[in-house]
Amino acid sequence: MNQEKSKYRKLIRTFWVLVIGGILSVFTLFTMISYGMLGFMPTFEELENPKSNLASEVISSDQQVLGNYFRENRSYTTYEELSPNIVNALIATEDVRFHDHSGIDARGLARVMVRTILMRDQSSGGGSTITQQLAKLLFHGHASSTIERAFQKLKEWVIAVKLERSYTKEEILTMYLNKAEFIYDAYGIKSAAQTFFNSSTDTLKVEEAAVIIGMLKNPALYNPVRRPELTQDRRNVVLHQMLKASFLTDAEYDSLSTMPLGLQFKRADHKEGPAPYFREYLRLTLTAGEPDRSDYASWMEAKFLEDSARYVDDPLYGWINKNYRPDGTKYDVYKDGLKIYTTIDSRMQTYAENAVKNHLSQDIQPKFFAEKKGRPGAPYTRDLAREDYEKIIERAIKNTDRYRGLKRNGADMDSVMRVFNTKYDMTVFTWEGERDTVMTPLDSIHHYKFFLRAGMISIDPLSGHVKAYVGGPNFKHFMYDMAGKGKRQVGSTIKPFVYTLAMQEGFTPCDLVPNIAQTFYLGSGKTWTPRNSGSRRAGEMVTLKWGLANSNNNITAWVMKQFNPRAVANTIRELGIKSPMDAVPALCLGTPDFGLLEMTSSYGTFANKGVHIEPMIVTRIEDRYGNVISDFHPQKREAISEPTAYLMLNLLQGVVNQGTGGRLRYKYELTGQIGGKTGTTQNHSDGWFMGVTPQLVTGVWVGGEDRDIHFDGIGLGQGANMALPIFALYMKDIYANEEIGITQEDVFEEPLNFYVNLDCNQPAQQGMDQEEGEITEEEEMEGVEEFL
Numbered sequence: 010m011n012q013e014k015s016k017y018r019k020l021i022r023t024f025w026v027l028v029i030g031g032i033l034s035v036f037t038l039f040t041m042i043s044y045g046m047l048g049f050m051p052t053f054e055e056l057e058n059p060k061s062n063l064a065s066e067v068i069s070s071d072q073q074v075l076g077n078y079f080r081e082n083r084s085y086t087t088y089e090e091l092s093p094n095i096v097n098a099l100i101a102t103e104d105v106r107f108h109d110h111s112g113i114d115a116r117g118l119a120r121v122m123v124r125t126i127l128m129r130d131q132s133s134g135g136g137s138t139i140t141q142q143l144a145k146l147l148f149h150g151h152a153s154s155t156i157e158r159a160f161q162k163l164k165e166w167v168i169a170v171k172l173e174r175s176y177t178k179e180e181i182l183t184m185y186l187n188k189a190e191f192i193y194d195a196y197g198i199k200s201a202a203q204t205f206f207n208s209s210t211d212t213l214k215v216e217e218a219a220v221i222i223g224m225l226k227n228p229a230l231y232n233p234v235r236r237p238e239l240t241q242d243r244r245n246v247v248l249h250q251m252l253k254a255s256f257l258t259d260a261e262y263d264s265l266s267t268m269p270l271g272l273q274f275k276r277a278d279h280k281e282g283p284a285p286y287f288r289e290y291l292r293l294t295l296t297a298g299e300p301d302r303s304d305y306a307s308w309m310e311a312k313f314l315e316d317s318a319r320y321v322d323d324p325l326y327g328w329i330n331k332n333y334r335p336d337g338t339k340y341d342v343y344k345d346g347l348k349i350y351t352t353i354d355s356r357m358q359t360y361a362e363n364a365v366k367n368h369l370s371q372d373i374q375p376k377f378f379a380e381k382k383g384r385p386g387a388p389y390t391r392d393l394a395r396e397d398y399e400k401i402i403e404r405a406i407k408n409t410d411r412y413r414g415l416k417r418n419g420a421d422m423d424s425v426m427r428v429f430n431t432k433y434d435m436t437v438f439t440w441e442g443e444r445d446t447v448m449t450p451l452d453s454i455h456h457y458k459f460f461l462r463a464g465m466i467s468i469d470p471l472s473g474h475v476k477a478y479v480g481g482p483n484f485k486h487f488m489y490d491m492a493g494k495g496k497r498q499v500g501s502t503i504k505p506f507v508y509t510l511a512m513q514e515g516f517t518p519c520d521l522v523p524n525i526a527q528t529f530y531l532g533s534g535k536t537w538t539p540r541n542s543g544s545r546r547a548g549e550m551v552t553l554k555w556g557l558a559n560s561n562n563n564i565t566a567w568v569m570k571q572f573n574p575r576a577v578a579n580t581i582r583e584l585g586i587k588s589p590m591d592a593v594p595a596l597c598l599g600t601p602d603f604g605l606l607e608m609t610s611s612y613g614t615f616a617n618k619g620v621h622i623e624p625m626i627v628t629r630i631e632d633r634y635g636n637v638i639s640d641f642h643p644q645k646r647e648a649i650s651e652p653t654a655y656l657m658l659n660l661l662q663g664v665v666n667q668g669t670g671g672r673l674r675y676k677y678e679l680t681g682q683i684g685g686k687t688g689t690t691q692n693h694s695d696g697w698f699m700g701v702t703p704q705l706v707t708g709v710w711v712g713g714e715d716r717d718i719h720f721d722g723i724g725l726g727q728g729a730n731m732a733l734p735i736f737a738l739y740m741k742d743i744y745a746n747e748e749i750g751i752t753q754e755d756v757f758e759e760p761l762n763f764y765v766n767l768d769c770n771q772p773a774q775q776g777m778d779q780e781e782g783e784i785t786e787e788e789e790m791e792g793v794e795e796f797l
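Its first residue numbered 10, the sequence shown is counted upward by one per residue in the working numbering.
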């Protein structure tokens with residue numbers, strides 16, 4: 010009997026030793042896990058501020074997201090921005106007792122132990138709560154073995170409990186949905202909603218939310234694009250879980266489960282979407298490094314100096330390399346979740362892109378195709394020598410990724426040319442949409458050379474804010490940015506700068522000057538006499554207003570002779586032009602190459618009462634938490650006097666009212682106060698139009714990729730035909746949108762105590778072009794070639 014009692018007591022002791030030992034072991038195990046003694050555990054700071062790669066958002070002035078910069082296309086959303094449909098679908102499917110546990114669901118674990126492990130029922134579901142899944146997403150990668158995964162599970166229990174102590178249930182849900190990974194570069198619920206349904210998180214419908222939540226189980230398997238039927242079945246499982254959780258009624262479930270997926274799939278692509286040229290220009294500006302001369306070719310001295318000055322003077326240029334986080338490290342635009350608030354107005358940007366597209370595709374490009382059709386050497390001019398043509402094509406070949414790849418692999422030029430003359434399947438751009446075809450790479454080069462390019466910038470002259478930015482016809486196929494990067498010969502759009510010096514020195518628009526040829530004596534001992542292409546009012550006394558309105562070379566040259574090339578160059582610098590220029594007589598006809606952005610900004614000086622403002626593209630930058638980390642302000646300086654600026658506005662209005670910009674009135678029926686200047690360069694290679702209104706200054710350039718790609722004659726090749734219509738189409742849309750607040754009733758403000766007579770009583774204009782019914786551009790930069 011005593012032996013039996015002793016044996017019984019021993020069993021009891023053994024039992025309690027095992028129980029207490031087991032409890033102590035479990036306690037010790039979890040204590041060691043909690044203190045990181047069995048591998049990585051997040052610190053309190055890491056739990057409070059878990060790291061997550063967030064895409065930086067580019068936001069317009071009217072609060073529209075233009076695009077993102079990312080390594081992971083993840084944008085943060087708050088709980089208030091989540092549709093209840095998302096929350097209900099997630100809880101019903103992943104963790105129906107989410108609001109009742111503290112990170113670990115005991116009932117869920119028991120179900121896993123009994124049904125999944127003992128009864129081998131794989132359909133019974135897992136035991137991980139949403140909080141545990143968040144812990145895995147935040148702190149664990151893919152396990153390399155079953156043992157490692159087992160330890161990860163234990164760690165996730167500890168982390169889950171800590172997360173529950175640190176955050177509210179709403180915060181945990183939000184963190185989980187922001188961290189969740191999908192496919193097609195969609196990270197987080199906000200990106201998923203945009204990618205698969207072109208929707209925001211607060212407007213997702215029940216059936217759409219069910220698709221996205223259903224994908225969380227296995228995004229690659231439940232791919233709605235490639236496996237719609239399987240994804241629809243999975244969606245219906247989620248809807249059924251919502252029915253079981255009483256988030257849906259029977260009638261709602263029956264209706265929703267029969268609906269198609271209704272995808273509006275659009276993968277995030279920096280080459281598409283609104284303002285792609287602007288977004289790329291902004292990205293390059295933010296990430297620019299401090300210029301190093303060794304990174305520039307020998308012939309790029311001017312570019313090096315220009316970039317060096319910009320790095321010092323422009324706080325946005327190289328911002329990433331000039332600003333630091335609180336911990337002393339540099340910001341990363343691709344993962345820090347910055348919010349970059351730009352000056353772009355999304356509505357005006359849309360109007361600008363539409364104006365460029367409509368004019369190029371419906372008007373100017375068909376005429377260009379028709380003129381060049383069937384011509385040998387097209388689209389190049391007939392005057393281009395064969396050897397020059399071959400050099401251009403060779404240069405184009407060497408600029409391709411295909412050529413660079415072949416050269417890296419050691420291919421000689423003969424091998425390269427065999428590849429470029431071999432046909433391949435490819436997709437090419439047309440104005441009717443992308444076209445699949447079979448073509449040699451060499452033929453594709455010729456194909457793209459046929460398309461005219463364009464650039465357009467629109468700036469608020471009173472603030473310097475860039476409101477619209479178009480760098481070309483299609484960023485995916487024509488990535489070179491003619492708005493912010495390209496520079497082309499400016500032609501007679503430079504003439505207002507010459508007249509500015511005259512107005513500043515006491516001349517007025519109504520002053521009479523002789524319309525006769527002007528001869529310059531050059532330092533070489535030679536002479537140069539610029540010519541006009543027409544003889545309208547030759548030998549007569551004409552006003553300066555008439556001279557600029559008709560873009561007359563004689564009058565511009567006369568103004569230049571009253572001063573000197575250096576004085577004109579200094580005035581041009583004061584107005585905001587930074588590009589190199591030679592102080593020579595031909596400067597007055599627009600021989601130098603300037604950028605569209607600086608040209609537009611300089612014209613803004615006239616509308617801003619003589620004050621030049623550097624173009625602004627960003628107003629502020631916030632971190633992922635909404636803290637402002639950089640503010641940007643206009644850089645202003647007085648360039649010319651207010652009366653001079655007003656006189657120039659009067660001269661520019663004369664171009665529209667009586668001169669080469671006349672079709673703005675009679676064809677496009679714009680009635681408001683508008684100043685402007687057309688520009689046509691040598692051989693009609695470039696067409697320009699600069700438009701000035703009281704609240705908006707817009708510059709437009711149109712031309713070929715190469716200077717030898719152009720119309721044969723000035724009728725089609727002049728700026729009034731190439732570029733002006735883009736400005737007109739854009740402004741018609743601007744005026745039609747009352748919300749923008751720019752109207753045709755806006756007027757230029759006259760300076761106080763201004764007494765200059767601006768009524769020149771000019772005679773009616775003669776010599777209208779018979780075909781177009783308007784005055785043509787009165788010069789083709791004739792004689793410039795001889796000068797150069």
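Note that CB positions come from ideal geometry on N, CA and C, so glycine has one too. Remember, it's a predicted structure, so these values are computed and weren't measured experimentally.
Around the beta carbon of asparagine 94, 16 or more other beta carbons sit within 10 angstroms, so the residue counts as buried.
Each residue's CA atom was taken as its position, placing arginine 276 and aspartate 322 some 38 angstroms apart. Within a 10 Å sphere around the beta-carbon of methionine 491 sit 16 or more other beta-carbons, which makes this residue buried.
Assignment of isoleucine 622 by DSSP, reduced to helix, strand and coil, places it in the strand class.
Annotation for serine 453: Met435 and Val437 place their beta carbon closer than 8 angstroms to its own, counting only its chain and skipping 5 residues before and after.
In the DSSP annotation of this structure, the continuous segment of the alpha helix (DSSP H) that includes asparagine 666 starts and ends at 651 to 667. Beta-bridge annotation (DSSP): lysine 496 is paired with Gly604. Here DSSP, grouped into helix, strand and coil, assigns glycine 712 to strand. The residue among Pro324, Leu415 and Gln273 with its C-alpha nearest the C-alpha of glycine 298 is Pro324. According to DSSP, residue pairing for isoleucine 718 in a beta bridge involves Tyr389.
Taking proline 285 as the centre and dropping the five residues before and after it, the same chain places the C-beta of Phe484 closer than 6 angstroms to its C-beta, in chain order.
A residue is called buried once 16 or more other Cβ atoms fall within 10 Å of its Cβ, and glutamine 527 is buried on that count. A straight line joining the alpha-carbon of serine 303 with that of valine 96 spans about 55 angstroms. Secondary structure note for tryptophan 697: its beta strand (DSSP E) is the uninterrupted segment 695 to 702.
Of the residues Phe763, Gly532 and Tyr343, the one whose Cα lies closest to the Cα of valine 67 is Tyr343. Sequence-distant Cβ neighbours of threonine 552 in its own chain, meaning closer than 7 angstroms and more than five residues away, are Pro518, Cys519, Asp520, Leu521, Cys769 and Gln771.
Positions of the alpha helix (DSSP H) runs, each at least 4 residues long and wholly inside the segment 717 to 761, are given as 723 to 726, 728 to 731 and 733 to 745 in order along the chain.
When Met512, Tyr333 and Gln662 are compared, the shortest CA-CA separation from glutamine 571 is found for Met512. Between isoleucine 743 and tyrosine 478, the C-beta gap is not smaller than 8 angstroms, which leaves the two residues out of contact. Taking the Cβ atoms as the reference, tryptophan 697 lies roughly 16 angstroms from glycine 671, outside the contact range of under 8 angstroms. Contact annotation, glycine 548 with isoleucine 581: C-beta distance approximately 30 angstroms; criterion of less than 8 angstroms not satisfied. Here valine 627 really is in contact with isoleucine 349; their C-beta atoms are around 6 angstroms apart, less than 8 angstroms. Note: isoleucine 564 is not bridge-paired with any residue in the DSSP secondary-structure output.
Per DSSP, lysine 188 is one residue of the alpha helix (DSSP H) stretching across 178 to 188. Glutamine 142 counts as buried, since no fewer than 16 other beta carbons sit within 10 angstroms of its beta carbon.
When Cβ pairs closer than 8 angstroms are counted between the two stretches, the segment 594 to 613 is seen to touch the segment 492 to 501, the count reaching three or more. In this chain, the alpha helix (DSSP H) harbouring alanine 576 covers 574 to 583. Annotation: the segment 482 to 560 contains the following complete segments of the beta strand (DSSP E) (minimum length 3 residues), in chain order: 496 to 498, 521 to 523 and 550 to 552.
For the segment 422 to 476, the continuous alpha helix (DSSP H) assignments of 4+ residues that do not extend past its boundaries occur at 422 to 429 and 450 to 458, in sequence order. For glycine 556, the closest alpha carbon among the candidates Lys226, Tyr508 and Arg646 is that of Tyr508. Counting along the chain, the unbroken alpha helix (DSSP H) around tyrosine 360 starts and ends at 355 to 368.
Arginine 404 is not bridged by DSSP to any residue.
With distances taken between CA atoms, valine 365 lies nearest to Phe736 out of Glu748, Phe736, Lys741 and Val765. Under the 10 Å beta carbon count, arginine 356 is surrounded by 16 or more other beta carbons and is classified as buried. Apart from the 5 residues on each side of it in sequence, glutamate 190 sits with its Cβ closer than 6 angstroms to the Cβ of Tyr196 in its chain, given in chain order.
Aspartate 211 sits in coil when the DSSP states are folded into three classes, being neither helix nor strand.
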